Amino acid sequence: MSSTEATETAGTSSGSATTWSVWQPWLSLVVRLAMGVIMIAAAVPKMIDIDQSVRAVRAYRLLPEVFVPFVGTALPYFEFVFGLVLIVGLFTRWSAVLWLLLIAAFVFGVAWAWAKGYSIDCGCFGGGGDVAEGTTNYPAHMLERAGFVALGLFLLVFPRTHASLDAWMKGEPLFSRP
Amino acid sequence: MASNSASSDKVALAKKKAQAQVNAQQRRALVVWILIGVVVVGLFAALVAYIVRQDSVDTISGEGQLTPAAASENDGFGVGASGVVGEDLDPSHVRLDIYLDFMCPICGQFEEFRGAEIDALREAGTLDVYYHPISILDNYSQGTSYSTRAASAAALIAEEAPDKFMAFNQAMFAGQPDENSTGLTNEEIQAIATSAGVPDDVVAKISDLAYTSWTRSATEQASVDGVQGTPSLAIDGVIQDPSNNADDLNWGTEGAITAAINKAAGN
């Protein structure tokens, strides 16, 4: 009885904080899963067409040719494993850092291509390489990148998520209550 | 009595806490090892994929796979004034390398609107044309790899019916399938070859797809040589990139090819 009263009194003064602490792990879970799915969606088309992935890396004209085939081949495998790590929720805060570094590197690549006037498609989700002039869409691409950065920042600040291996490792319940 | 039970409670709690900590450490160690395992497997898979790809791109591999002797050092089929692959080629002529993918609609337009202009320059003895049928649009034929099959057929005809290569090339673009369709079947490609005058014994070999491995390595070679899409043109070995370099040939402009070739020839 008294505890109900206490909650109700607390509810009037800090209701939004309570609501937030209930919602945050769910929201973080959605963000984390979305990031994992995005990574795997980026990896799979490239793994199916490795030749295209290599050509897409080459189109940026950033790396010396000796590294191009290896990077083009290994990148989708790396993305796939990283996607899995995100989905199971392992080392979530570090994953968010890695995500942001990765996006930063990709944004640098696209900005470089844009600045150099290369008419290329980013090839982020397979495909890629040079495209006909006028079909590149750098501003829309950068907007999409901004969304990815927002996802990464959210997870970096709020890495506590439901149903994560992080919680399981610490022996905490998978769906902890605040 | 009261204090006694309180202290034993404390001990039990501490024990429980310590046990939980040990469990957590064990779980952490397990998960870290699994993660290391997954990363090592992923790295190994990437390395294997790299080596296998490198091997098959550098060498012609696979049973029954052939390299066309008619291909130039950069995997093109040179055509001189006579219109026969490998004939009338002269290093003193201007060299035009044309990179094309039989699935690429702009390549079809290029052939339709600029084919005759290039033929005229070639027949006048100003120009040697090196045709590079490559395969960058295999993902646009619903899994039938039309680009690779078509390029393989072109390589076969360049090799075994060199006087019919130009006619076949033209007919393939005249009967070009839509991008993102299933492309043409091998039988349909054979029908086009027959209509272009390719002898029956050569037509019959189209379905063997003996030059698909070569097509793949030729495509990689083109990419390394700076080809970023199709159609691409290179004049005397220099890739033309008009979007970056205003002086480069932009074939979209009427008469630009003739002007650029004549300039290269010093006329």
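Chains W and D, in that order, give the protein sequences.
In the numbering used here, each number is its position in the first sequence, counted from 1, plus 11.
In the numbering used here, each number is its position in the second sequence, counted from 1, plus 31.
In this text, a Cβ means the ideal position worked out from N, Cα and C, and glycines have one as well.
Predicted, not measured: the structure shown is a model, and the values here were computed from it.
Hey, Asp62 of chain W and Glu251 of chain D are a contact pair by Cβ (cut 8 Å); roughly how many whole angstroms apart? Stepping through the first sequence from its first residue, residue 62 of chain W is reached at position 51. Stepping through the second sequence from its first residue, residue 251 of chain D is reached at position 220. Beta-carbon to beta-carbon, Asp62 of chain W and Glu251 of chain D are separated by about 7 Å, close enough to satisfy the 8 Å threshold.
Tell me where the alpha helix (DSSP H) around Tyr88 of chain W begins and ends. In the first sequence, residue 88 of chain W corresponds to position 77, counting from 1. Here the alpha helix (DSSP H) through Tyr88 of chain W covers Val79 to Val99.
So that I know if they touch, is there some Cβ in chain D lying closer than 8 Å to that of Ile61 of chain W? As a working mapping, residue 61 of chain W is identified with position 50 in the first sequence. Interface residue, yes.
Gly139 of chain D, buried or exposed, once every other Cβ within 10 Å from all chains shown has been counted against 16: Stepping through the second sequence from its first residue, residue 139 of chain D is reached at position 108. It counts as buried.
Does the distance from the CB of Ser244 of chain D to the CB of Gly93 of chain D come in under 8 Å? Position 213 of the second sequence holds residue 244 of chain D. Position 62 of the second sequence holds residue 93 of chain D. With a cutoff of 8 Å on beta-carbon distance, Ser244 of chain D and Gly93 of chain D are scored as near each other.
Between Thr175 of chain D and Gly206 of chain D, which are expected to be in contact by the criterion C-beta below 8 Å, what is the C-beta distance as a whole number of angstroms? On the second sequence, position 144 is the one that residue 175 of chain D refers to. On the second sequence, position 175 is the one that residue 206 of chain D refers to. Rounded, the Cβ-Cβ distance is 16 Å, inconsistent with contact.
What would DSSP say about Asp132 of chain D, mapped onto helix, strand or coil? Position 101 of the second sequence holds residue 132 of chain D. Look at Asp132 of chain D here: in three-state DSSP terms it is coil, with no helix or strand label.
Skipping 5 residues on each side, what residues in its chain have a beta carbon closer than 7 Å to that of Ala54 of chain W? Within the first sequence, residue 54 of chain W is the residue found at index 43, counting from 1. Apart from sequence neighbours up to five positions away, the residues of its chain that approach Ala54 of chain W with a beta-carbon distance below 7 Å are Pro87, Glu90, Phe91 and Gly94, ordered along the chain.
Any Cβ of chain D within less than 8 Å of the Cβ of Glu19 of chain W? Within the first sequence, the letter at position 8 stands for residue 19 of chain W. Low confidence applies to Glu19 of chain W: its pLDDT is 43, below 50, so where it sits in the model is not reliable enough to give any reading.
Cβ of Thr84 of chain W within 8 Å of any chain D Cβ: Taking the first sequence and counting its residues from 1, one reaches residue 84 of chain W at position 73. Thr84 of chain W counts as touching chain D.
Given that a residue counts as buried once 16 or more other Cβ atoms are within 10 Å of its Cβ, and exposed if not, what is Ser123 of chain D? For the purposes of this step, residue 123 of chain D is taken as residue 92 along the second sequence, with counting starting at 1. Counting other Cβ atoms within 10 Å of its Cβ, Ser123 of chain D stays below 16 and is therefore classed as exposed.
Taking 8 Å as the threshold (C-beta atoms), are Asp128 of chain D and Leu168 of chain D in contact? Along the second sequence, read from residue 1 onward, the residue named residue 168 of chain D stands at position 137. Along the second sequence, read from residue 1 onward, the residue named residue 128 of chain D stands at position 97. Going by C-beta atoms, Leu168 of chain D is not nearer than 8 Å to Asp128 of chain D.
Of the choices D:Gly268, D:Ser226 and D:Ala45, whose alpha-carbon is the least far from that of Glu104 of chain D? As a position in the second sequence, residue 104 of chain D is number 73, starting the count at 1. Measuring from the Cα of Glu104 of chain D, the nearest candidate turns out to be D:Gly268.
With Ile137 of chain D and Ala181 of chain D assumed to form a contact (beta carbons below 8 Å), what rounded beta-carbon distance in angstroms separates them? Position 106 of the second sequence, counted from the start, is the residue given in the question as residue 137 of chain D. Position 150 of the second sequence, counted from the start, is the residue given in the question as residue 181 of chain D. Contact doesn't hold; Cβ gap of about 16 Å is too wide.
Chain W within 8 Å of Gln140 of chain D, Cβ atoms only: On the second sequence, residue 140 of chain D is found 109 positions in, with the first residue counted as 1. Residue contact with chain W for Gln140 of chain D: absent (no Cβ-Cβ distance below 8 Å to any residue of chain W).
Where DSSP assigns a beta bridge to Tyr71 of chain W, which residues make up the other side? As a working note, residue 71 of chain W is residue 60 in the first sequence. Paired residue(s): none; Tyr71 of chain W is not in a bridge.
Straight-line Cα distance separating Arg171 of chain W from Val160 of chain W: Here residue 160 of chain W refers to the residue found at position 149 of the first sequence. Here residue 171 of chain W refers to the residue found at position 160 of the first sequence. Across the structure, Val160 of chain W and Arg171 of chain W are spaced so that their CA atoms are roughly 18 Å apart.
For a contact meaning CB atoms closer than 7 Å, what does Ser254 of chain D contact in chain W? For the purposes of this step, residue 254 of chain D is taken as the residue at position 223 of the second sequence. Near Ser254 of chain D (Cβ distances below 7 Å), the residues of chain W are Arg66 and Arg69.
Which class does Leu264 of chain D belong to by DSSP, given the choice of helix, strand or coil? The count along the second sequence starts at 1 and reaches residue 264 of chain D at position 233. In the three-state reduction of the DSSP assignment, Leu264 of chain D falls in the strand class.
Check whether the Cβ atoms of Ala186 of chain D and Pro262 of chain D lie closer than 8 Å to each other. In the second sequence, the residue the question calls residue 186 of chain D occupies position 155. In the second sequence, the residue the question calls residue 262 of chain D occupies position 231. Taking a C-beta distance under 8 Å as the contact criterion, Ala186 of chain D and Pro262 of chain D do not qualify as a contact pair.
Is Ser172 of chain D closer than 8 Å to Thr246 of chain D when the C-beta atoms are compared? For the purposes of this step, residue 246 of chain D is taken as residue 215 along the second sequence, with counting starting at 1. For the purposes of this step, residue 172 of chain D is taken as residue 141 along the second sequence, with counting starting at 1. Taking 8 Å as the Cβ cut-off, Thr246 of chain D and Ser172 of chain D do not qualify as a contacting pair.
Using only CA atoms, which one of D:Gly286, D:Ala265 and D:Ser183 lies nearest to Gly95 of chain D? Counted from its first residue, the second sequence places residue 95 of chain D at position 64. That would be D:Ser183, whose Cα lies nearest to the Cα of Gly95 of chain D.
Only counting the same chain, and skipping five residues up and downstream in sequence, which positions put a Cβ closer than 6 Å to that of Ser14 of chain W? Against the first sequence, residue 14 of chain W aligns to sequence position 3. Low confidence applies to Ser14 of chain W: its pLDDT is 42, below 50, so where it sits in the model is not reliable, and the reading given next is rough at best. Contacts found: none.
Let me see if you follow: with CB-CB separation under 8 Å, is Lys57 of chain W close to chain D or not? Indexing the first sequence from 1 puts residue 57 of chain W at position 46. Chain D contact via Cβ: absent.
In terms of residues, what are the limits of the beta strand (DSSP E) holding Phe108 of chain D? If you number the second sequence from 1, residue 108 of chain D lands on position 77. DSSP places Phe108 of chain D inside the beta strand (DSSP E), whose first and last residues are Phe108 to Val110.
Leaving out five residues before and five after Val115 of chain D in sequence, what residues of the same chain have Cβ atoms less than 7 Å from its Cβ? On the second sequence, position 84 is the one that residue 115 of chain D refers to. If we look at Val115 of chain D and ignore the five residues flanking it on each side, its Cβ neighbours are Pro193 and Asp194.
Can you find a C-beta in chain D that's less than 8 Å from the C-beta of Glu9 of chain W? The question about residue 9 of chain W has no answer, for chain W in this structure spans 12 to 189.
Would a C-beta distance cut-off of 8 Å place Tyr130 of chain D and Pro80 of chain W closer than the cut-off? Residue 130 of chain D sits at position 99 when you count from the first residue of the second sequence. Residue 80 of chain W sits at position 69 when you count from the first residue of the first sequence. Pairing Tyr130 of chain D with Pro80 of chain W gives a Cβ-Cβ distance that is not under 8 Å.
Of all the CB atoms in chain D, is at least one closer than 8 Å to the CB of Ala128 of chain W? As a working mapping, residue 128 of chain W is identified with position 117 in the first sequence. Note that residue 128 of chain W is Gly in the sequence shown here, rather than Ala. Under the 8 Å criterion on CB atoms, Gly128 of chain W is classed as interfacial with respect to chain D.
Identify which residue in W:Gly182, W:Leu162, W:Glu183 and W:Lys181 has its Cα closest to the Cα of Gly47 of chain W. In the first sequence, the residue the question calls residue 47 of chain W occupies position 36. Closest by alpha carbon: W:Leu162.
Please confirm whether Pro170 of chain W has its beta-carbon closer than 8 Å to some beta-carbon of chain D. Taking the first residue of the first sequence as 1, we reach residue 170 of chain W at position 159. Residue contact with chain D for Pro170 of chain W: absent (no Cβ-Cβ distance below 8 Å to any residue of chain D).
Cβ atoms of Ile288 of chain D and Arg145 of chain D: under 8 Å apart, would you say? Reading the second sequence from its first residue, position 114 is the one you call residue 145 of chain D. Reading the second sequence from its first residue, position 257 is the one you call residue 288 of chain D. Ile288 of chain D is positioned such that its CB atom lies closer than 8 Å to that of Arg145 of chain D.
Ala124 of chain W and Ile131 of chain W - do their beta-carbons sit closer together than 8 Å? Within the first sequence, the letter at position 120 stands for residue 131 of chain W. Within the first sequence, the letter at position 113 stands for residue 124 of chain W. Between Ile131 of chain W and Ala124 of chain W, the C-beta spacing is below 8 Å.
How big is the Cα-Cα spacing for Tyr242 of chain D and Asp256 of chain D? Sequence index remark: in the second sequence, residue 242 of chain D carries index 211 (1-based). Sequence index remark: in the second sequence, residue 256 of chain D carries index 225 (1-based). Their Cα atoms are separated by approximately 20 Å.
Give the interface partners of Met46 of chain W over in chain D, defined as CB-CB distance under 9 Å, in chain order. Indexing the first sequence from 1 puts residue 46 of chain W at position 35. Chain-ordered listing is empty here: chain D has no CB closer than 9 Å to the CB of Met46 of chain W, the nearest sitting near 17 Å.
Using alpha carbons as the reference points, say which of W:Pro75, W:Gly128 and W:Arg156 lies closest to Leu112 of chain W. Numbered from 1 along the first sequence, position 101 holds the residue referred to as residue 112 of chain W. The shortest CA-to-CA distance from Leu112 of chain W to any of W:Pro75, W:Gly128 and W:Arg156 is the one to W:Arg156.
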